[in-house]
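**Student:** Chains as they are written, first to last, in the numbering used here: chain A, 38 to 159; chain B, 337 to 741.
Every residue, glycine too, gets a C-beta built ideally from N, C-alpha and C.
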Amino acid sequence: MQYMLILNETADDFAKRNDPQQAGAYWGGWNAFISAMGAAGVIVKGDGLLGPETATTVRIKDGKRHIQDGPFADTKEQLGGYFIIEVPDLDAAIEWALKAPSAACASVEVRPVLVMAPASAA
Amino acid sequence: MTAAARAAEQAARTSYGRLVSILAARTRDIAAAEDALAEAFANALASWPVSGVPRNPEAWLITAARHRLLNEWRAGALRDRATDEVERRQEERRIVEEFPDERLKLLFVCAHPAIEASVRPALMLQTVLGLDAARIASAFAVRPSAMSQRLVRAKAKIRDARIPFAVPGDEDWPDRLQDVLDAIYAAYGVGWDALAGTDADLQGLAEEAIDLGRLVVGLLPAEPEPKGLLALMLFCEARRTARFDDGGFFVPLHEQDASRWNRILIIEAESLLEEASRHRRFGLYQCEAAIQSVHVQRPITGTVNHEALELLYRLRVAASPSLGALVAQAGARLHAGKAVEALADLDAIASPERDRYQPYWVTRWACLKALGRLPEAEAALSVAIGLSEQPAVRAYLLRAQAGEA
């Protein structure tokens with residue numbers, strides 16, 4: 038079964054990415070986590086994302102296009118990346134989620150991936 | 337009631353959780369297992385009076401439910417009886433010889449951390465004991481439709497997020513077991529609070545929680561904490577009628593008429609607690625049960641051993657400094673004649689919930705009264721009355737207020 042690990046990070050985490058003092062530890066932590074998942078063969082796909090300052094949110098209201106700078110909600114934690122993993126059950130997914138560096142500083146949401154029923158032939 | 341109906345009812349009461357857990361262990365779909373089982377029971381009521389009660393009703397029911405689950409119900413009806421009979425015989429042998437008791441897994445699923453804590457006790461009562469949602473709803477004081485919805489949602493999450501039907505591994509074991517025990521105790525607590533009223537249905541829930549406690553003790557003989565929890569519930573149960581006098585007024589523990597305590601339950605609780613202590617592993621429920629044990633020794637020794645209580649509360653707070661434990665510790669100090677220390681303990685509680693917690697204000701009132709600080713005591717009492725949810729407790733405090741005026 039596939040789960041998405043939704044990796045949330047704080048502004049501090051995002052700042053570490055480009056801070057010469059902390060970038061090594063930051064990326065080292067993520068690389069170790071990703072290598073461990075890779076070695077276990079659970080990764081289906083995954084990406085890191087640029088920070089929320091690069092986000093643009095769009096919506097259509099009353100037929101008009103609204104395009105605005107920034108993420109949908111200005112919360113303490115923002116989406117920093119995701120992985121889709123293939124594991125037997127929720128407990129296994131939770132185990133991996135707890136190993137993500139962001140679990141220790143922000144949070145990881147675990148969601149089952151929706152499996153679309155094949156379109157009926159009739 | 338016919339013999340067939342009695343047999344079906346008996347099978348329902350004693351085997352419900354066993355059958356649901358066996359059916360759901362493979363599919364993880366509790367709702368589908370319950371539906372199939374309900375249909376199997378309905379079929380049993382229709383066919384047993386005609387064909388006779390099967391030798392092994394559980395095997396009959398699980399075969400019928402499986403057919404339903406496999407969507408073979410209609411196909412099965414078309415097959416000749418001989419095939420059915422052969423299958424049934426096989427199933428009968430398997431259920432006796434091969435099926436492990438899957439209820440432990442079901443308990444761990446119901447108390448999984450991915451399920452909201454407040455719905456866990458209800459989920460257990462329904463899936464393991466087969467209580468209907470309306471009865472559970474009335475005990476938890478929510479609308480039946482709201483309770484059904486919460487239970488349906490929880491079962492859907494178990495199925496859709498694939499919460500495993502498994503006994504947790506070593507690393508998770510202590511926390512997960514604690515979750516199971518907490519949910520059972522919460523179910524007991526619902527019955528306990530409700531005893532202040534007169535609803536017979538609600539009193540029944542305390543007994544159901546005790547049934548769950550017995551089940552866990554039986555399934556986990558090597559664990560001391562289930563024994564501690566069962567002992568705790570039995571100690572409380574032993575005192576349940578003594579909590580109210582003949583006029584229906586609330587009587588606090590230290591004023592209770594000990595001759596009204598149920599000695600048989602107390603003896604059982606004491607022996608469970610002793611068994612638990614032989615494991616030599618401290619736990620919160622054993623500690624709570626030990627506190628109860630000290631209290632019930634009053635009629636034997638003629639006094640309450642306050643030093644023992646203080647020590648037990650210190651252990652209790654050291655293990656888990658919950659608001660309830662901190663307030664209870666202050667109460668124990670007060671009863672040991674240390675009102676100044678007790679009040680200092682209360683003042684030191686930093687929990688943001690403190691000022692909305694009724695027992696805090698009751699204990700504060702008692703401390704201030706003992707210290708002769710009467711105007712402050714009166715103010716604390718009035719807050720306590722305002723925060724009381726149980727009518728009998730409120731009435732008790734109102735009488736105290738009138739007595740002091």
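Inspect the beta-carbon positions of B:Y649 and B:I685 and report whether they are closer than 9 Å.
**Tutor:** The sequence position of residue 649 of chain B within the second sequence is 313, counting from 1. The sequence position of residue 685 of chain B within the second sequence is 349, counting from 1. Cβ atoms of B:Y649 and B:I685: not closer than 9 Å.
**Student:** Look at the Cβ atom of B:P699, then the Cβ atom of B:A715, and state whether they are nearer than 9 Å.
**Tutor:** For the purposes of this step, residue 699 of chain B is taken as the residue at position 363 of the second sequence. For the purposes of this step, residue 715 of chain B is taken as the residue at position 379 of the second sequence. The residue asked about is misnamed: residue 699 of chain B is Thr in this sequence, not Pro. No, the Cβ-Cβ distance between B:T699 and B:A715 is not below 9 Å.
**Student:** Take B:W409 and list the residues in its own chain whose beta-carbon comes closer than 7 Å to its own, dropping the five residues that flank it on each side.
**Tutor:** Here residue 409 of chain B corresponds to residue number 73 of the second sequence, with the count starting at 1. Note that B:W409 scores 43 on pLDDT, short of 50, meaning its location in the model is unreliable; the coordinates nonetheless yield the value given after this. So the list reads H403, once near-sequence residues are dropped.
**Student:** For B:C572 versus B:Y621, is the C-beta distance shorter than 9 Å?
**Tutor:** Here residue 572 of chain B refers to the residue found at position 236 of the second sequence. Here residue 621 of chain B refers to the residue found at position 285 of the second sequence. Their beta carbons are not under 9 Å apart, which means B:C572 does not touch B:Y621 by this criterion.
**Student:** So with CB distances below 9 Å, who are the chain A contacts of B:P500?
**Tutor:** Translated into the one-based positions of the second sequence, residue 500 of chain B becomes position 164. Correct list: P125, D126, L127, D128, A129.
**Student:** Using beta-carbon positions only, say whether B:T463 and B:G549 come within less than 9 Å of one another.
**Tutor:** Here the question's residue 463 of chain B lines up with position 127 in the second sequence. Here the question's residue 549 of chain B lines up with position 213 in the second sequence. Cβ distance not < 9 Å, so B:T463 and B:G549 don't count as in contact.
**Student:** From the DSSP output, in three-state form, read off A:N45 for me.
**Tutor:** Within the first sequence, numbered from 1, the residue matching residue 45 of chain A stands at position 8. If DSSP states are grouped into helix, strand and coil, A:N45 belongs with the strands.
**Student:** Taking all protein chains shown into account, do 16 or more other C-beta atoms lie within 10 angstroms of the C-beta of B:G533, making it buried, or fewer, making it exposed?
**Tutor:** Position 197 of the second sequence, counted from the first residue, corresponds to residue 533 of chain B. Low local confidence applies: a pLDDT of 49 at B:G533 is under 50, so the model's placement there is unreliable, with the coordinate-based value given in what follows. Exposed.
**Student:** With 16 other CB atoms within 10 Å as the buried threshold, where does A:N68 fall?
**Tutor:** Position 31 of the first sequence holds residue 68 of chain A. That one is exposed.
**Student:** Would you list, in chain order, the members of the segment 350-365 of chain B that have their beta-carbon closer than 8 Å to a beta-carbon of chain A?
**Tutor:** Residues: none.
**Student:** What span of residues does the alpha helix (DSSP H) with B:G660 cover, start to end?
**Tutor:** Position 324 of the second sequence, counted from the start, is the residue given in the question as residue 660 of chain B. Counting along the chain, the alpha helix (DSSP H) containing B:G660 begins and ends at 659-671.
**Student:** With 9 Å as the threshold, decide whether the Cβ of B:A532 is near any Cβ in chain A.
**Tutor:** Translated into the one-based positions of the second sequence, residue 532 of chain B becomes position 196. Because the pLDDT at B:A532 is just 48, under 50, the model does not fix this residue reliably, and the point stays unresolved.
**Student:** Kindly indicate which three-state DSSP category B:I685 falls into: helix, strand or coil?
**Tutor:** The residue you call residue 685 of chain B lines up with position 349 of the second sequence. It is coil, neither helix nor strand.
**Student:** Please list, in chain order, all residues of the same chain as B:D581 whose beta carbon is under 7 Å from its beta carbon, the five residues on each side excluded.
**Tutor:** Translated into positions along the second sequence, residue 581 of chain B becomes position 245. The answer, listed in chain order, is V587.
**Student:** My output table needs one value for A:L116: the three-state DSSP class, helix, strand or coil.
**Tutor:** By 1-based counting over the first sequence, the position of residue 116 of chain A is 79. Looking at A:L116 - three-state DSSP - the assignment turns out to be strand.
**Student:** Just verifying my parser: in three-state terms, what is the DSSP assignment at A:G75?
**Tutor:** The residue given as residue 75 of chain A occupies position 38 in the first sequence. Here A:G75 sits in helix by DSSP.
**Student:** Quick one: grab the DSSP three-state call for A:F51.
**Tutor:** Residue mapping note: residue 51 of chain A aligns to position 14 of the first sequence, counting from 1. Three-state DSSP puts A:F51 in a helix.
**Student:** With respect to the beta strand (DSSP E) encompassing A:E146, which residues constitute its N-terminal and C-terminal limits?
**Tutor:** Residue 146 of chain A sits at position 109 when you count from the first residue of the first sequence. Residues 144-149.
**Student:** Which value, in whole angstroms, describes the spacing of the CA atoms of A:A137 and A:F70?
**Tutor:** Numbered from 1 along the first sequence, position 100 holds the residue referred to as residue 137 of chain A. Numbered from 1 along the first sequence, position 33 holds the residue referred to as residue 70 of chain A. Straight-line Cα distance between these residues: approximately 6 Å.
**Student:** Skipping 5 residues on each side, what residues in its chain have a beta carbon closer than 6 Å to that of B:V640?
**Tutor:** As a position in the second sequence, residue 640 of chain B is number 304, starting the count at 1. So the qualifying residues of the chain are R634.
**Student:** Are the Cβ atoms of B:P457 and B:A369 separated by less than 9 Å?
**Tutor:** To locate residue 457 of chain B, count along the second sequence from 1; it is residue 121. To locate residue 369 of chain B, count along the second sequence from 1; it is residue 33. No, Cβ-Cβ distance for B:P457 and B:A369 is not below 9 Å.
**Student:** Run through chain A and tell me which residues come within less than 8 Å of B:D496, C-beta to C-beta.
**Tutor:** Residue numbering aside, residue 496 of chain B sits at position 160 when the second sequence is read from its first letter. Result: P149.
**Student:** Alpha carbons only, please: which of A:C142, A:M153, A:E132, A:V147 is nearest the one belonging to A:R73?
**Tutor:** Looking up residue 73 of chain A in the first sequence gives position 36. Looking at the sequence provided, one finds Ala at residue 73 of chain A rather than Arg. Closest option to A:A73, Cα to Cα, is A:E132.
**Student:** With 9 Å set as the bound, which would you pick, yes or no: does the beta-carbon of B:P504 sit closer than that to a beta-carbon of chain A?
**Tutor:** Against the second sequence, residue 504 of chain B aligns to sequence position 168. Output row for B:P504: interface = yes.
**Student:** Measure the alpha-carbon distance for B:I546 versus A:A76 and round it to whole angstroms.
**Tutor:** What you label residue 546 of chain B is simply residue 210 of the second sequence in a count that begins at 1. What you label residue 76 of chain A is simply residue 39 of the first sequence in a count that begins at 1. Rounded to whole angstroms, B:I546 to A:A76 spans 47 Å at the Cα level.
**Student:** Restricting to Cα atoms, I'd like to know which of B:L551, B:I602, B:R576, B:D691 is closest to B:Q592.
**Tutor:** In the second sequence, the residue the question calls residue 592 of chain B occupies position 256. If we check each option's Cα against that of B:Q592, B:R576 comes out closest.
**Student:** Between B:A668 and B:L565, what straight-line distance do the alpha-carbon atoms span, to the nearest angstrom?
**Tutor:** Start at 1 with the first residue of the second sequence, and residue 668 of chain B comes out as number 332. Start at 1 with the first residue of the second sequence, and residue 565 of chain B comes out as number 229. Answer to the nearest angstrom: the Cα atoms are 21 Å apart.
**Student:** Using C-beta distances below 6 Å, list every residue in its chain close to B:V719, excluding the 5 sequence neighbours before and after it, in chain order.
**Tutor:** Residue mapping note: residue 719 of chain B aligns to position 383 of the second sequence, counting from 1. Answer for B:V719: W697, listed in chain order.
**Student:** Kindly give me the distance between the Cβ atoms of A:F151 and A:L116, rounded to whole angstroms, as I take these residues to be in contact under 8 Å.
**Tutor:** One-based indexing of the first sequence puts residue 151 of chain A at position 114. One-based indexing of the first sequence puts residue 116 of chain A at position 79. One point to set straight first is that residue 151 of chain A is Leu, not Phe, in the sequence displayed. That belief does not hold up - the Cβ atoms of A:L151 and A:L116 are roughly 18 Å apart, past 8 Å.
**Student:** Which residues mark the beginning and the end of the alpha helix (DSSP H) in which A:K136 is found?
**Tutor:** On the first sequence, position 99 is the one that residue 136 of chain A refers to. Unbroken alpha helix (DSSP H) run through A:K136: 127-136.
**Student:** Any Cβ of chain E within less than 9 Å of the Cβ of B:A450?
**Tutor:** Protein chains A and B are contained in the structure displayed, whereas chain E is not.
**Student:** Mark B:E624 as exposed unless 16 or more other C-beta atoms lie within 10 angstroms of its C-beta, in which case mark it buried.
**Tutor:** Mapped onto the second sequence, residue 624 of chain B falls at position 288. It counts as buried.
**Student:** Using 9 Å as the threshold, is the C-beta distance between B:R489 and B:P449 below it?
**Tutor:** Working through the second sequence from its first residue, we reach residue 489 of chain B at position 153. Working through the second sequence from its first residue, we reach residue 449 of chain B at position 113. No, the pair does not count as a contact, with Cβ atoms beyond the cut-off.
**Student:** In chain order, what residues of the same chain have a beta carbon less than 6 Å from the beta carbon of A:V95, not counting five sequence neighbours either side?
**Tutor:** As a working note, residue 95 of chain A is residue 58 in the first sequence. Around A:V95: I104.
**Student:** Can you give me the C-alpha to C-alpha distance between A:F120 and B:V653, rounded to a whole angstrom?
**Tutor:** For the purposes of this step, residue 120 of chain A is taken as the residue at position 83 of the first sequence. For the purposes of this step, residue 653 of chain B is taken as the residue at position 317 of the second sequence. Cα to Cα, the separation comes out at about 41 Å.
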